[in-house]
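Here's the structure, in structure tokens; my notes come after.
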Amino acid sequence: MKIVFSSLVAIVLLATIDSNVNAYKSYSQYQLWHLHIVNNEQVAKILEFSRSAYQHKINFWSEEFRKDMPIIVSVAPESIESFATYLSKELNVKYDVAMKDIGSVIEGQKLIHKLESSTYNADDFAYDKYHPLEEIHAWIDKMVQTYPNLASSFVVGQSYEKRDLKGLKISSNKAAVKRDGTPVNAKKAVWWDGGTPDNDSHTFSQKHNFLGIHAREWISPATNIYIAHALLSNYSIDPTITHIVDQFDYYILPVFNVDGYAYTWSKDRLWRKTRSKTSNPNCFGADPNRNWDYQWCEGGATHDPCDDIYCGSKPFSEIETLQVSKFISDHKDSIVHYINFHSYSQLWMTPWGYTTKKPAQFKLQDDGSAQAVAALRAVFGTRYVHGNIGATIYVASGNTVDWTSGTANITFSYAVELRDTGEYGFLLPENQILPSGQETLAGELALLKYIEGHVYG
């Protein structure tokens, strides 16, 4: 009887765990705070606290932990009083409440999404709206149908939950040319990928993540989609776009972390990681931007499966990162430019991320970033900062861009953090999609022109 009772308890317990972890995540009465840090002692103590903050349902959204720069953090209702007391009495840190109810912001955005009409609808797709995964995949099919001479689809593989990692290839099938007009022997290629919701607010041991691989960062796929459509719809109309499309082939994966992205639409708007099982039945997924086999799980990553920056059980433990890395490896002789789009913070960054040190080719890479951010700023005045990842925001080992640069030898590898700088963070309103797309397109066209001059001569 004792064995039977224990088995029944275990079954009930597992069922309860499964029910809890898969329930809809409400952020009702969660608050978003901006902490005002004025000295390095406060920075050190906040950093130390952040390592266990998720146990208190306190999640850090910020990119950087520095004095004189607000640290953005979400706080569960049951932790508001105790965290406020800790900040005041233990750290002497002041804070502002930026959002009194994150849940109401999420619900309000859902309502606006349903009720407000699109102001930019082309080819039966609203480019000023966020879209669930199935609509994004349908959009890829529509682009192939609408632009058959330019667009084709490809599938990198399938995710842990058996969703397709579906992408769009753009190619004019025309030969690229050198500056003097002579054809080159082999056209080079570009890879862009976009977000997978970043998970439930950054609870990591140091700072928040930067890659477009994170589920909650909805602006990343939306911007990718806008740029891809701009290339297709303006080909043969806009001379600059026509030339740039003729010079490169484009592999575009709008959503990298497809399982996490789908989960942000169905269960948890602020989910970040993949959705694979881990050694802890209560904790799912790894950070797909800490799972790459380059200086894996050294700094800015953790072996704790419940942490947002969990690096996975081993390099490429996540089937999504494994399959994308294989696709890129198979095309590494042609791919000369890689961008991983993320949000938020308005940064245009290069390797290395695993260290604050700069690679030998840093100036070549960063000069391209300078071209991009200058062109981007000229559109709406949006200011981006550029530099290498480790020195610009934080050390993050096992990240995508370090691998594409260090292993696949893609010199022009970049991690781009899109709008904004923290007012909305991961909850960027839909009215920001078009301006984000327009300015990022300008930045990327300038960067492609820069890269063109270096790879073709």
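Mapping of the sequence shown onto mature numbering (1 follows the signal peptide of the UniProt record, and there is no 0): residues -23 to -1, 1 to 434, in sequence order.
Glycine residues also receive a C-beta, built at the ideal position from the N, C-alpha and C atoms.
Treat the numbers as computed from the prediction; the structure is a model and nothing was measured.
Reducing DSSP to helix, strand and coil, say where residue i ends up.
{"i": "F42", "result": "coil"}
{"i": "Y203", "result": "helix"}
{"i": "D118", "result": "helix"}
{"i": "K155", "result": "coil"}
{"i": "F233", "result": "coil"}
{"i": "I305", "result": "helix"}
{"i": "G171", "result": "coil"}
{"i": "L324", "result": "strand"}
{"i": "Y72", "result": "strand"}
{"i": "F80", "result": "In the sequence under discussion, the amino acid at residue 80 is Gly, which differs from the Phe named in the question. It is helical."}
{"i": "D264", "result": "coil"}
{"i": "L188", "result": "Its pLDDT being 36, under 50, L188 is placed unreliably by the model, and the measurement read from it follows with that caveat. Of the three classes helix, strand and coil, the one that applies to L188 here is coil, per DSSP."}
{"i": "N408", "result": "helix"}
{"i": "S178", "result": "With a pLDDT of 37 at S178, under the threshold of 50, the modelled position of this residue cannot be trusted; read the value that follows with caution. Of the three classes helix, strand and coil, the one that applies to S178 here is coil, per DSSP."}
{"i": "H280", "result": "coil"}
{"i": "Y227", "result": "strand"}
{"i": "P160", "result": "strand"}
{"i": "A103", "result": "strand"}
{"i": "F293", "result": "coil"}
{"i": "G420", "result": "helix"}
{"i": "V432", "result": "helix"}
{"i": "H319", "result": "strand"}
{"i": "Q135", "result": "strand"}
Could you tell me whether the Cβ atoms of residue i and residue j are closer together than 8 Å?
{"i": "K2", "j": "D245", "result": "yes"}
{"i": "E407", "j": "K106", "result": "yes"}
{"i": "L142", "j": "S130", "result": "no"}
{"i": "F318", "j": "V393", "result": "yes"}
{"i": "W329", "j": "G289", "result": "no"}
{"i": "K165", "j": "V313", "result": "yes"}
{"i": "W38", "j": "S51", "result": "yes"}
{"i": "I410", "j": "Y203", "result": "yes"}
{"i": "Q224", "j": "E25", "result": "no"}
{"i": "G364", "j": "Y427", "result": "no"}
{"i": "I147", "j": "L127", "result": "yes"}
{"i": "R396", "j": "S413", "result": "yes"}
{"i": "T381", "j": "Y315", "result": "yes"}
{"i": "T388", "j": "Q342", "result": "yes"}
{"i": "A192", "j": "W116", "result": "no"}
{"i": "G171", "j": "N201", "result": "yes"}
{"i": "I320", "j": "I196", "result": "According to the sequence as given, residue 320 is Ser; it is not Ile. Yes, Cβ-Cβ distance for S320 and I196 is below 8 Å."}
{"i": "V362", "j": "L324", "result": "yes"}
{"i": "H33", "j": "S56", "result": "yes"}
Whole angstroms is fine: what's the gap from residue i's alpha carbon to residue j's?
{"i": "I221", "j": "A349", "result": "15 Å"}
{"i": "A61", "j": "R43", "result": "20 Å"}
{"i": "A239", "j": "D307", "result": "28 Å"}
{"i": "S27", "j": "Y287", "result": "14 Å"}
{"i": "S390", "j": "A75", "result": "34 Å"}
{"i": "L404", "j": "E194", "result": "8 Å"}
{"i": "I218", "j": "W10", "result": "42 Å"}
{"i": "Y331", "j": "P198", "result": "25 Å"}
{"i": "A423", "j": "D226", "result": "17 Å"}
{"i": "I89", "j": "Q8", "result": "21 Å"}
{"i": "S149", "j": "S213", "result": "10 Å"}
{"i": "A153", "j": "Y228", "result": "16 Å"}
{"i": "E416", "j": "I79", "result": "28 Å"}
{"i": "T384", "j": "V167", "result": "17 Å"}
{"i": "H431", "j": "P125", "result": "30 Å"}
{"i": "T369", "j": "H13", "result": "20 Å"}
{"i": "A53", "j": "K77", "result": "11 Å"}
{"i": "C260", "j": "C283", "result": "5 Å"}
{"i": "A163", "j": "W169", "result": "20 Å"}
{"i": "L92", "j": "Q86", "result": "10 Å"}
{"i": "T123", "j": "D101", "result": "11 Å"}
{"i": "E295", "j": "R156", "result": "42 Å"}
{"i": "A351", "j": "I49", "result": "27 Å"}
{"i": "I35", "j": "G262", "result": "19 Å"}
{"i": "Y31", "j": "D264", "result": "15 Å"}
Would you say the beta carbon of residue i comes nearer than 7 Å to a heavy atom of the ligand NAD?
{"i": "S346", "result": "By its list of ligands, the structure shown contains no ligand whatsoever, and the ligand NAD lies outside what it can speak to."}
(message) I'd like to know if the stretch 269 to 278 and the stretch 230 to 250 are in contact, where contact means that at least 3 CB-CB pairs between them fall below 8 Å.
(response) no
(request) Specify whether the stretch 335 to 347 and the stretch 398 to 414 touch according to this definition: at least 3 beta carbon pairs, one from each stretch, less than 8 Å apart. (result) no
(message) Quick test of the definition: if touching needs 3 or more C-beta pairs under 8 Å, does the stretch 49 to 68 touch the stretch 97 to 114?
(response) no
(request) Give, in chain order, every unbroken run of the beta strand (DSSP E) that is at least 3 residues long and sits entirely within the stretch 3 to 33. (result) Within the stretch 3 to 33, the runs of beta strand (DSSP E) at least 3 residues long that lie entirely inside it are, in chain order, 8 to 13.
(request) Check whether the stretch 264 to 272 touches the stretch 204 to 214, counting contact only when three or more Cβ pairs, one atom from each stretch, lie closer than 8 Å. (result) With contact defined as three or more Cβ pairs closer than 8 Å, the stretch 264 to 272 and the stretch 204 to 214 are not in contact.
(message) Does the contact criterion of 3 or more C-beta pairs under 8 Å hold for the stretch 125 to 141 versus the stretch 245 to 254?
(response) yes
(message) Extract the residue ranges of the beta strand (DSSP E) inside the stretch 334 to 402, only unbroken runs of 3 or more that lie entirely within it.
(response) For the stretch 334 to 402, whole beta strand (DSSP E) runs of length 3 or above, ordered along the chain, are 362 to 365, 389 to 395.
(message) Using 8 Å as the cut-off, can you tell me whether the stretch 5 to 18 makes contact with the stretch 44 to 60, which would need three or more C-beta pairs spanning the two stretches below that distance?
(response) For the pair of segments examined, the stretch 5 to 18 was found to touch the stretch 44 to 60: the number of CB pairs separated by less than 8 Å reaches three.
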